[in-house]
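Engineer: Dumping the structure here so I can ask a few things about it.
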Amino acid sequence: MKLAIVYYSESGNTKQAAEYVAEGMKKAGAEVGLFELDKIDEAFVAEAKAVVFGAPTFYADTCWQMKKFFDETKLPLAGKIGATFGTAGYLQGGCEIALQNNVVRMLCKGMLVYSGGCALGEPLTHLGAIALGGHVEEQKEQFVTLGERVAAQAARL
C-alpha cells in the first residue's frame with residue numbers, strides 16, 4: 001500500500017516532523033513516498049491511498065507555498081485519505097488554525113480527512129500533529145502515531 005507525505009520546510013523542523021510521520025507509516029507496513037513540495041513524484045501520489053500534508057505556520061496559517069499548492073494542484077486527490085501536521089514558533093502562533101485551514105483545503109479537493117481524533121486515546125491528534133518552538137523531537141510520538149493511524153485507516157478502506 002502506497003502512502004505519500006507532501007511537506008514544505010524552511011528551517012528543517014517540518015522536514016523532521018514529516019520523517020517521523022513516515023516512520024509511523026512504515027511501522028504499519030506501508031510503502032511511503034516522502035516529498036518536498038517542489039519535488040513531488042506525481043505518479044506515486046496518484047497511486048497513494050493517503051496523502052498527508054505538512055507545513056510551517058506563518059501569520060496564523062499554513063505557509064504560502066502550501067496554500068499555492070492547494071490552489072494550483074491538478075493531482076488526483078479526490079477520494080484519498082488526507083491528514084495534516086504542522087510546526088510553529090510558539091503556542092499562540094496559529095498552528096491549530098493552519099491545520100483547520102488545511103483540513104478545509106483537503107475537503108475542497110474531495111479528500112476523506114482522517115486524524116483519529118481523541119477516539120484512539122493519547123496522543124491526541126484531533127486536527128493533526130503539532131510541534132512548537134523547534135521542539136519536534138519532543139513531539140515525535142505524536143507524529144509517529146499520526147502516521148500509524150493514517151496507515152491503519154488506509155488499510156481498512
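Numbering (full-length UniProt numbering), first residue to last: 1 to 157.
For glycine and all other residues, C-beta sits at the position ideal for the given N, C-alpha and C.
(1) Since Pro56 sits in a beta bridge, which residues does DSSP pair it with?
(2) Roughly how many whole angstroms lie between the Cα atoms of Ala149 and Lys80?
(3) DSSP on Val136, reduced to helix/strand/coil?
(4) So is Gly121 buried or exposed if we call it buried at 16+ other beta carbons inside 10 Å?
(5) What's the gap between the Cα of Ala30 and the Cα of Leu99?
(6) Find out if the Cβ-Cβ distance for the pair Ala129, Ala28 is shorter than 8 Å.
(7) Is it buried or exposed for Cys63, if we count other Cβ within 10 angstroms and need 16 for buried?
(8) Apart from the five residues just before and just after Ala50, which ones in its own chain have a Cβ nearer than 8 Å to its Cβ?
(9) Here's the rule I'm using: 16 or more other beta-carbon atoms within 10 Å means buried, otherwise exposed. How should Asp71 be labelled?
(10) With distances taken from CA atoms, which of His135, Glu96, Val45 is nearest Thr57?
(11) For Glu36, which three-state DSSP category applies?
(12) Under 8 Å by Cβ, that's how I've got Gly94 and Asp61 pegged, so tell me the actual separation to the nearest angstrom.
(13) Measure the alpha-carbon distance for Asn13 versus Leu157 and round it to whole angstroms.
(14) Taking the straight line between their C-alpha atoms, what separation do you get for Leu77 and Asp41?
(15) Based on Cα-Cα distance, which residue from Glu23, Leu34, Gly54, Leu75 lies nearest to Asn101?
(16) With a threshold of 6 Å on Cβ separation, who are the neighbours of Met106 within its own chain once the five nearest residues in sequence on each side are excluded?
Structural biologist: Short version:
(1) By 1-based counting over the sequence shown, the position of residue 56 is 56. The partner list for Pro56 (beta bridge, DSSP) reads Thr87.
(2) Stepping through the sequence shown from its first residue, residue 149 is reached at position 149. Stepping through the sequence shown from its first residue, residue 80 is reached at position 80. Contrary to the premise, residue 149 reads as Arg rather than Ala in this sequence. Annotation: Arg149 to Lys80 spans about 15 Å, alpha carbon to alpha carbon.
(3) Taking the sequence shown and counting its residues from 1, one reaches residue 136 at position 136. Here Val136 sits in coil by DSSP.
(4) On the sequence shown, residue 121 is found 121 positions in, with the first residue counted as 1. Flag for Gly121 reads exposed.
(5) Counting from one through the sequence shown, the residue named residue 30 turns up at place 30. Counting from one through the sequence shown, the residue named residue 99 turns up at place 99. C-alpha of Ala30 to C-alpha of Leu99: approximately 24 Å in a straight line.
(6) In the sequence shown, counting from the first residue as 1, residue 129 sits at position 129. In the sequence shown, counting from the first residue as 1, residue 28 sits at position 28. For the 8 Å CB-CB criterion, Ala129 and Ala28 do not form a contact.
(7) By 1-based counting over the sequence shown, the position of residue 63 is 63. Result: buried.
(8) Along the sequence shown, one-based indexing puts residue 50 at 50. Leu3, Ala4, Lys80, Ile81, Gly82, Ala83, Tyr114, Val150, Ala151, Gln153, Ala154.
(9) Mapped onto the sequence shown, residue 71 falls at position 71. Exposed.
(10) On the sequence shown, position 57 is the one that residue 57 refers to. Of the listed residues, the one whose Cα sits closest to Thr57 is Glu96.
(11) By 1-based counting over the sequence shown, the position of residue 36 is 36. In this structure, Glu36 counts as strand in the three-state DSSP scheme.
(12) Looking up residue 94 in the sequence shown gives position 94. Looking up residue 61 in the sequence shown gives position 61. Between the beta-carbon of Gly94 and that of Asp61 there is about 6 Å, and that keeps the pair under the 8 Å contact cut.
(13) As a first step, residue 13 must be located in the sequence shown, where it is residue number 13. As a first step, residue 157 must be located in the sequence shown, where it is residue number 157. Distance between Asn13 and Leu157, taken at the CA atoms: about 31 Å.
(14) The residue given as residue 77 occupies position 77 in the sequence shown. The residue given as residue 41 occupies position 41 in the sequence shown. Each residue's Cα considered, the two are about 14 Å apart.
(15) One-based indexing of the sequence shown puts residue 101 at position 101. It is Gly54 whose Cα lies nearest to the Cα of Asn101.
(16) Against the sequence shown, residue 106 aligns to sequence position 106. Cβ contact annotation for Met106 (same chain, cutoff 6 Å, sequence separation greater than five): Gly82, Val113, in chain order.
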